[in-house]
Amino acid sequence: MPGGSGHVGQMIRRLLEPKGWEFTVLTRFPKKPDEVAWDGKTLGPWQEALEGADIVLNLAGRSVNCRYNQANLKEMMDSRVNSTRVVGEAVARASRPPRLWLQASTATIYCHRFDQPNGDDGILGGDEPKAPYKWKASIEIVKAWERELEQARTPHTRKIALRSSVTMSIEAGSVFAVLAGLAKRGLGGRAGSGRQYVSWIHEVDFVRALEFLVEHEEFEGPVNVCSPNPLPNEEFMAILRRAVGARFSFPLPVPLLEIGALLRGTETELILKSRRVVPTRLLEAGFTFEFPRWAEAAENLAHRFGIR
33 MPGGSGHVGQ MIRRLLEPKG WEFTVLTRFP KKPDEVAWDG KTLGPWQEAL
83 EGADIVLNLA GRSVNCRYNQ ANLKEMMDSR VNSTRVVGEA VARASRPPRL
133 WLQASTATIY CHRFDQPNGD DGILGGDEPK APYKWKASIE IVKAWERELE
183 QARTPHTRKI ALRSSVTMSI EAGSVFAVLA GLAKRGLGGR AGSGRQYVSW
233 IHEVDFVRAL EFLVEHEEFE GPVNVCSPNP LPNEEFMAIL RRAVGARFSF
283 PLPVPLLEIG ALLRGTETEL ILKSRRVVPT RLLEAGFTFE FPRWAEAAEN
333 LAHRFGIR
């Protein structure tokens, strides 16, 4: 699991190790016996970890929770493209390559829209005439990321790009933890107009989707990994407030959001872009969700996180 030391990797291990899954994490700074050093861009002794492995799950890439200046955008691009390229080279050279390569991607690749949801063959973003430059830049990063996966020559390894939405987990510092904390402090109101759609997935369903993709060998290429029920930000935040017991909250207009994003070292694109995405391929293949709706998911997460 390259890049498996972050929130998503920790979540996956927490939920799958009790089922007998064993992991080797590739990281720049190994600290544990099951962690192996790599730099995310060149081949090295870490390649041995792929020999005989069932699956490679590449989560590597610089966090998008940052300011989209030129230096950070370059690092976001390079860390994703380079790590995907070198994983592909290692898989191609392996004498016993993994049978499946699950590659992290993101639903951010789709266009900003309110009208219809984007299925797995939805409209890709980047061409919207009024889209801010930073929004377009993040989409180009995802396109380059997926292109590297597609071009990798791995004839014995099935490849899937996980176009995942925001994964709601109970890890400290996770998106759910941050949003719940803001809501408890009265900052859980609608963001901007509140019309923009939020695509999300409960941690249990994210991991169940991974297991489903492992078992169903007909899957290749991009797959949307998200709840079938995205909802507008205003409704999403209202449900979250009820789940965490927040009694009041202020609406957050765009100028205030811009100031807050600057102070927190992040970007408003993460909450103002409308991500209306649905898991068409998963549903058509018979996948069922334990938490298809946000109300039940938020209640479950709040209870398990101990925030009520």
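Here the sequence shown is numbered in this note's numbering, starting from 33 and rising by one per residue.
By construction, the Cβ of each residue, glycine as well, lies at the ideal position given by its N, Cα and C atoms.
Computed from a predicted structure; not experimentally measured.
Counting only unbroken stretches of 4 or more residues, the alpha helix (DSSP H) elements lying wholly within the region 297-328 are 301-304 and 312-316, in sequence order. Here DSSP, grouped into helix, strand and coil, assigns G213 to helix.
Take G218, set aside five residues on each side of it, and the residues of its chain with a beta-carbon closer than 8 Å to its own are A278, F280, S281 and F282, in chain order.
Here DSSP, grouped into helix, strand and coil, assigns P50 to helix. When C-beta atoms of the region 137-145 are compared with those of the region 189-198, three or more pairs fall below 8 Å, so the two segments count as touching.
Secondary structure of Y100 (DSSP, three-state): coil.
In the DSSP assignment, Q135 forms a beta bridge with N90 and A193. Taken atom to atom, the span from the alpha-carbon of P254 to that of I192 is near 6 Å. When secondary structure is reduced to three states using DSSP, I202 falls in the coil class, being assigned neither helix nor strand. Here the alpha carbon of W167 sits roughly 14 Å from the alpha carbon of N104. With a cut-off of 8 Å on Cβ pairs, the region 259-270 is not in contact with the region 70-79, counting fewer than three such pairs. In the displayed model, A184 falls within coil according to three-state DSSP, outside both helix and strand. Rounded to whole angstroms, the Cβ separation of P264 and G226 is 6 Å, and the two are in contact under 8 Å.
Beyond the five residues adjoining it in sequence on each side, E160 comes within less than 7 Å, by CB distance, of C143 and H144 in the same chain, given in chain order. For V257, the pairing in a beta bridge is given by DSSP as S196. Under the 8 Å Cβ criterion, the region 106-114 counts as touching the region 172-191, having at least three qualifying pairs. Taking R307 as reference, the option from K175, G213, D147 and I339 with the minimal CA-CA separation is D147.
The DSSP-derived three-state label of W70 is coil.
Between the region 233-241 and the region 289-305, the count of C-beta pairs closer than 8 Å stays below three; the two stretches do not touch. DSSP, read as helix, strand or coil, puts H335 in helix. With contacts defined by Cβ atoms closer than 9 Å, L47 and V310 do not form a contacting pair. In chain order, I173 and A176 place their CB closer than 7 Å to the CB of M109, counting only its own chain and leaving out the 5 sequence neighbours on each side. Rounded to the nearest whole angstrom, the CA to CA distance from G151 to L304 is 20 Å. The three-state reading of DSSP puts P264 in strand, counting E and B together.
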